[in-house]
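Before any comments, here is the structure.
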Amino acid sequence: MKVQAPEYIAGIKPYVPGKPMEELEREMGIRNSIKLASNENPLGPSPKAMAAVQQELRKVNRYPEGGGYYLTRKLSEKYNIPPENMVLGNGSDDIIGMLTKAFLQPGDEAIMPFPSFLMYEIMVQVAGATPVMVPLSLFSIDLGAMAERVTEKTRMIFITHPNNPTGSIIKENDFCAFLKKIPEQVIVVLDEAYIEFVRDSSSLYSLSHLKTDERIVILRTFSKAYGLAGLRIGYGFMDTRISSLLHRVRQPFNVNALAQHAATAALDDIDFLEKTLALVHDGMDFSYTVLDRMGLSYLPSQANFLMIKVGNADSVFHKLLQEGVIVRSMTSYGFPDYIRLTMGLKTENERFFKALEKVL
Ligand SMILES: *Cc1c(COP(=O)(O)O)cnc(C)c1O
């Protein structure tokens, strides 16, 4: 074989996708399993989004609207942010990729929490830059420690808010203090994939910082609260000097037509969003109550998932699987005692706790 990739590409650990549920069920000889593992919306997609997809389906012989015209305008109205300050992505993953492509080169460093979202590390490595992982402190992002790791090579810092997998948030005051320590030329990416679920009012309000701080990039997604994970669509808010660079590296048709129309419709589906939030918040409160009764410790969370301390996570994961309940073991995230549970429908949550009680 004569073909050669750069060392920094060949050295990347590939993302390992999970098996399709149907495959897993066949292998395990189980049926009617429930998946509470990927922080998806258990209610399905927004009905308005589904209607929009059906409407748009007959037009997929045409290329998508490359500038995301309607969705960008709708987001602009909702958040009072000009369209020039927005970039749409094939999932927010895509925007992480644009950021690392546009701003990082070999020799540069990007700081990120560990454990957190896997994609930051992969994308930074794809750009040939160096990921600098900063451990959590008491299951929360340690902004002080992250600021201390800044060097003259630092170009970007990733902050997950709320954090996946711990569900922790950042307080407004802590974020302001953090920003003061960060040099002007460092981009601060706030990944807010779960922001819609936050109930704690002391939480950082990122949008107010956009106007006053040109380093801030806010990433959001339709994959979680809006139930459109399979369509792949996310968006970012940022200064025009950053967005204009992302548009240079963005693929012209990066967001497909169905996703654009589904997302535009989903933003109008207030009823669906409210139902989703009520379901998740009720599920979370129910879980805390049951866990307290069972005497299990857990991390109270501001997202749509929560980490539960079960002892040997891998073993509990496999036993739950045999009961037809799919969760995520946190072993590869550095927490071998914990599983992560995504809030499901009421019946699914009840089934999870029955199964958990049985396997423990
Ligand atoms: C799920 C998730 C995302 C969303 O990714 P998409 O590409 O928009 O589906 C982003 N960041 C974090 C931390 C997530 O957990």
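The numbering of the sequence shown is this note's numbering, which starts it at 26 and goes up by one. The beta-carbon is built from N, C-alpha and C at its ideal position, and this holds for glycine as well.
Exercise for the section: Using only the heavy atoms of ligand 1, determine whether one of them is closer than 7 angstroms to the beta carbon of Ala76. Expected result: By one-based count along the sequence shown, residue 76 stands at place 51. Flag unset: Cβ of Ala76 not near ligand 1.
Exercise for the section: Return the CA-CA distance between Tyr260 and Phe139, expressed in angstroms with no decimal places. Expected result: Counted from its first residue, the sequence shown places residue 260 at position 235. Counted from its first residue, the sequence shown places residue 139 at position 114. The straight-line gap from Cα to Cα measures roughly 24 angstroms.
Practice task
Figure out for me which residue from Ile147, Pro67, Gly169 has the closest Cα to the Cα of Tyr33.
Solution key: Residue 33 sits at position 8 when you count from the first residue of the sequence shown. Ranking the options by Cα distance to Tyr33, first place goes to Ile147.
Practice task
Quick one: using the 10 Å Cβ neighbour count with 16 as the cut-off for buried, is His186 buried or exposed?
Solution key: If you number the sequence shown from 1, residue 186 lands on position 161. So His186 counts as buried.
Problem - Exposure label - Asp216; buried when at least 16 CB within 10 Å - result: Here the question's residue 216 lines up with position 191 in the sequence shown. Buried: at least 16 other Cβ atoms inside 10 Å.
Exercise for the section: Compare the Cα-Cα distances from Lys383 to each of Pro361, Arg318, Glu348 and report the closest residue. Expected result: Start at 1 with the first residue of the sequence shown, and residue 383 comes out as number 358. Lys383 has its Cα closest to that of Glu348, out of Pro361, Arg318, Glu348.
Practice task
Kindly examine ligand 2 and report whether one of its heavy atoms sits closer than 7 angstroms to the Cβ of Phe142.
Solution key: As for ligand 2, it is missing from this structure, which binds only ligand 1.
Practice task
Answer with buried or exposed for Ser162, where buried requires no fewer than 16 other C-beta atoms within 10 angstroms of its C-beta.
Solution key: Looking up residue 162 in the sequence shown gives position 137. Label assigned to Ser162: exposed.
Practice task
Would you give the residue range spanned by the alpha helix (DSSP H) that Glu134 belongs to?
Solution key: Here residue 134 corresponds to residue number 109 of the sequence shown, with the count starting at 1. That residue, Glu134, is in no alpha helix (DSSP H); its beta strand (DSSP E) goes 134-139.
Exercise for the section: Taking Glu299 as the reference, give the member of Tyr251, Gly320, Asp133, Leu283 with the closest Cα. Expected result: Position 274 of the sequence shown holds residue 299. Closest by alpha carbon: Tyr251.
Problem - Continuous beta strand (DSSP E) stretch holding Pro156: start and end - result: Looking up residue 156 in the sequence shown gives position 131. Counting along the chain, the beta strand (DSSP E) containing Pro156 begins and ends at 155-160.
Practice task
Starting from the N-terminal side, write out each stretch of the beta strand (DSSP E) that is 3 residues or longer and does not extend beyond the segment 276-356.
Solution key: 330-334
Handout entry: Beta-bridge pairing of Asp216 - partner residues as DSSP gives them
Key = The residue given as residue 216 occupies position 191 in the sequence shown. Thr185, Leu244.
Problem - Reference Lys207; option with closest CA among Ala218, Glu177, Ile194 - result: By 1-based counting over the sequence shown, the position of residue 207 is 182. Reading the sequence as shown, one finds Ile at residue 207 and not Lys. Among Ala218, Glu177, Ile194, the Cα nearest to that of Ile207 belongs to Glu177.
Exercise for the section: State the DSSP-derived secondary structure class of Tyr251, mapped to helix, strand or coil. Expected result: The residue you call residue 251 lines up with position 226 of the sequence shown. It is coil, neither helix nor strand.
Problem - For Val112, the three-state DSSP class (helix, strand or coil) - result: Numbered from 1 along the sequence shown, position 87 holds the residue referred to as residue 112. Residue state, collapsed to three classes: strand.
Handout entry: Nearest residue (CA-CA) to Arg275, options Gly308, Val149, Met123, Leu321
Key = As a working mapping, residue 275 is identified with position 250 in the sequence shown. Comparing Cα positions, the closest option is Met123.
Handout entry: Distance CB(Leu331)-CB(Ser312) smaller than 8 angstroms
Key = The residue given as residue 331 occupies position 306 in the sequence shown. The residue given as residue 312 occupies position 287 in the sequence shown. Closer than 8 angstroms, so yes.
Practice task
Would you mind sorting Lys4 into buried or exposed? The rule is 16 or more other CB atoms within 10 Å of its CB.
Solution key: With the chain represented from 26 up to 385, any question about residue 4 goes unanswered, as that position is not in the structure.
Exercise for the section: Using three-state DSSP, classify Phe142 as helix, strand or coil. Expected result: For this step, residue 142 is matched to residue 117 along the sequence shown. Correct three-state label for Phe142: coil.
Handout entry: Burial state of Asp40 (16 or more Cβ within 10 Å)
Key = Position 15 of the sequence shown, counted from the start, is the residue given in the question as residue 40. A small correction: the amino acid at residue 40 is Tyr; Asp does not occupy that position in the sequence shown. Tyr40 is exposed by the Cβ-count criterion.
Problem - Where Leu381 sits in the DSSP three-state scheme - result: As a working note, residue 381 is residue 356 in the sequence shown. Correct three-state label for Leu381: helix.
Problem - Contact belief for Ile241 with Val213 at Cβ below 8 angstroms, rounded distance in angstroms - result: By 1-based counting over the sequence shown, the position of residue 241 is 216. By 1-based counting over the sequence shown, the position of residue 213 is 188. Contact holds; Cβ gap of about 5 angstroms.
Problem - Pairwise C-alpha distance: Lys103 and Ser233 - result: Residue mapping note: residue 233 aligns to position 208 of the sequence shown, counting from 1. Residue mapping note: residue 103 aligns to position 78 of the sequence shown, counting from 1. Rounded to the nearest angstrom, the two C-alpha atoms are 14 angstroms apart.
Handout entry: Alpha-carbon to alpha-carbon, Asn329 and Arg51
Key = Within the sequence shown, the letter at position 26 stands for residue 51. Within the sequence shown, the letter at position 304 stands for residue 329. In a straight line, the C-alpha of Arg51 is about 28 angstroms away from that of Asn329.
Exercise for the section: Ignore the nearest five residues each way along the sequence and tell me which others in Phe200's own chain have a CB closer than 6 angstroms to its CB. Expected result: The sequence position of residue 200 within the sequence shown is 175, counting from 1. Taken in chain order, the residues that qualify are Leu229.
Exercise for the section: With a threshold of 7 angstroms, establish whether the CB of Asn189 neighbours any heavy atom of ligand 1. Expected result: Counting from 1 along the sequence shown, the entry for residue 189 is found at position 164. Answer for Asn189: yes, Cβ within range of ligand 1.
Practice task
Assign Ile333 to one of two classes, buried (16 or more other C-beta atoms within 10 Å of its C-beta) or exposed (fewer than that).
Solution key: For the purposes of this step, residue 333 is identified with residue 308 of the sequence shown, where counting begins at 1. Result: buried.
Practice task
Can you check DSSP and say which residues form a bridge with Arg365?
Solution key: By one-based count along the sequence shown, residue 365 stands at place 340. Partner(s): Met332, Arg353.
Practice task
Give me whichever residues DSSP pairs with Gly359 in a beta bridge.
Solution key: The count along the sequence shown starts at 1 and reaches residue 359 at position 334. According to DSSP, Gly359 bridges with nothing at all.
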